[in-house]
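Undergrad: Once you've had a glance at the structure underneath, I'll fire off some questions.
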Amino acid sequence: MTSAQVIDGVALSKQLRQQTRERVQTLKKQGITPGLAVILVGENQASQVYVRNKIKACEDTGFYSILEQYPATLSEFELLQRVQALNLDASIHGILVQLPLPEHIDAQKVIEAISPAKDVDGFHVASAGALMVGQPGFWPCTPYGCMKMLESIGYTLRGKHAVVIGRSNIVGKPMALMLLQQHATVTICHSATADLGQITRQADVLIAAVGKQNLVTADMVKPGAVVIDVGMNRNAEGKLCGDVDYEGVKQVAGWITPVPGGVGPMTITMLLMNTLEAAEHALPHA
Ligand code: NAP
11 MTSAQVIDGV ALSKQLRQQT RERVQTLKKQ GITPGLAVIL VGENQASQVY
61 VRNKIKACED TGFYSILEQY PATLSEFELL QRVQALNLDA SIHGILVQLP
111 LPEHIDAQKV IEAISPAKDV DGFHVASAGA LMVGQPGFWP CTPYGCMKML
161 ESIGYTLRGK HAVVIGRSNI VGKPMALMLL QQHATVTICH SATADLGQIT
211 RQADVLIAAV GKQNLVTADM VKPGAVVIDV GMNRNAEGKL CGDVDYEGVK
261 QVAGWITPVP GGVGPMTITM LLMNTLEAAE HALPHA
């Protein structure tokens, strides 16, 4: 039985981060060090891990980074004031407010307070709008990372059918727009989609971004398809797993991304690349 080729997000990230490091060195010679500010509000354990990984990736790549940690009692007004201060701080090119925020804070309002020029997460409506109309802007890091994975295997999307499962503003919807921009025919599925398998079996490229372990099984995959697993779940043993039944689907797909070691590392890599680009835009001639 044939087995899918693995798209290794760790190896690809390593390669892209090396390229980023080299561009950082060039920028530093011109007097600019890319700077990322990360704001974390509250004690969410998973968020603390994500934030730590982002700061470490910045340090490893030669970025300047700051982590601002606040208690869950921080008011929305105080947070907005911090974002405003960072908008005006010339040493900071990217601002990331780690989600989720405590319930008393309107996350969308906070995201909209970030200057679009520093919106390296790509969640601002200005960034979403730019993607929608095909203008330059920051792309959300997770779907952007998926596009880089497709690029890394030399995959041509023109004329192919891409199926995205999930329609969130941070993964599913921008993912669909990016695939469309590359001339794929795109179908978006969600929780109200009838007969999911009937649609996924038509996919040349299948992207699962749901958050449900084993949602995608081998019988739902077209032989030879590229399967990208964005999901991040914990199985009964507490181990990290995606939305795709990896062992089963591997026997059918042409390409597959593992969890862990697939989309996850790519997300942070694209955050670095967005921040680097924000800093490059700060050059006088840019
Ligand atoms: P989300 O906001 O909860 O969206 C999940 C989407 O899945 C929704 O659109 C939902 O449909 C759809 N859905 C739920 N059940 C479904 C079903 N049975 N069949 C088809 N669609 C279904 O989640 P998200 O933020 O997009 O994240 C998705 C997953 O990716 C999560 O596991 C998350 O942890 C992971 N993630 C990973 C990374 C990474 O770096 N690897 C980054 C971000 C997110 P409705 O819209 O109808 O509710």
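For what it's worth, our numbering labels the leading residue of the sequence shown as 11, then goes sequentially.
Here a beta-carbon is modelled for each residue, glycine too, at the ideal position from N, C-alpha and C.
Bear in mind the structure is a predicted one, so any value in this text is a computation, not a measurement.
Please report the distance separating the alpha-carbon of Gly241 from that of Ala218.
TA: By one-based count along the sequence shown, residue 241 stands at place 231. By one-based count along the sequence shown, residue 218 stands at place 208. Whole-angstrom Cα-Cα distance: 7 Å.
Undergrad: For the segment 138-176, which segments carrying the beta strand (DSSP E) assignment without a break, of at least 3 residues, lie completely within its bounds, in sequence order?
TA: Fully enclosed beta strand (DSSP E) runs of 3 or longer: 171-175.
Undergrad: Just list the beta strand (DSSP E) runs in the segment 15-72, keeping only unbroken ones of 3 residues or longer that don't cross its boundaries, in chain order.
TA: Here the runs fully enclosed are 45-51.
Undergrad: Between the segment 42-49 and the segment 170-178, do at least 3 Cβ pairs fall closer than 8 Å?
TA: Cβ pair count under 8 Å is below three, so no.
Undergrad: Taking just the CA atoms, how far does Leu98 sit from Thr203?
TA: Against the sequence shown, residue 203 aligns to sequence position 193. Against the sequence shown, residue 98 aligns to sequence position 88. Cα to Cα, the separation comes out at about 45 Å.
Undergrad: Relative to the C-alpha of Phe87, which residue among Lys170, Val107 and Val120 is closest?
TA: Counting from 1 along the sequence shown, the entry for residue 87 is found at position 77. If we check each option's Cα against that of Phe87, Val120 comes out closest.
Undergrad: Hey, Phe148 and Gly169 are a contact pair by Cβ (cut 8 Å); roughly how many whole angstroms apart?
TA: For the purposes of this step, residue 148 is taken as the residue at position 138 of the sequence shown. For the purposes of this step, residue 169 is taken as the residue at position 159 of the sequence shown. At roughly 28 Å, the Cβ-Cβ gap does not stay under 8 Å, so Phe148 and Gly169 are not in contact.
Undergrad: Between the C-alpha atoms of Thr227 and Ala235, what's the straight-line distance to the nearest angstrom?
TA: As a working note, residue 227 is residue 217 in the sequence shown. As a working note, residue 235 is residue 225 in the sequence shown. Approximately 13 Å, taken between the alpha carbons.
Undergrad: Between the C-alpha atoms of Leu187 and Leu216, what's the straight-line distance to the nearest angstrom?
TA: Counting from 1 along the sequence shown, the entry for residue 187 is found at position 177. Counting from 1 along the sequence shown, the entry for residue 216 is found at position 206. Each residue's Cα considered, the two are about 14 Å apart.
Undergrad: Between Asp70 and Tyr256, what straight-line distance do the alpha-carbon atoms span, to the nearest angstrom?
TA: Here residue 70 corresponds to residue number 60 of the sequence shown, with the count starting at 1. Here residue 256 corresponds to residue number 246 of the sequence shown, with the count starting at 1. Using only the alpha carbons, I get a separation of about 31 Å.
Undergrad: Tell me the residue span of the alpha helix (DSSP H) that contains Leu189.
TA: Position 179 of the sequence shown, counted from the start, is the residue given in the question as residue 189. Per DSSP, Leu189 belongs to the alpha helix (DSSP H) from Gly182 to Gln191.
Undergrad: Quick check: the segment 73-93 against the segment 111-118, are there 3 or more CB pairs under 8 Å?
TA: Touching, per the Cβ criterion.
Undergrad: Express the C-alpha separation of Gln40 and Asp253 in angstroms, rounding to a whole number.
TA: Residue 253 sits at position 243 when you count from the first residue of the sequence shown. Residue 40 sits at position 30 when you count from the first residue of the sequence shown. Going from the Cα of Asp253 to the Cα of Gln40 covers about 44 Å.
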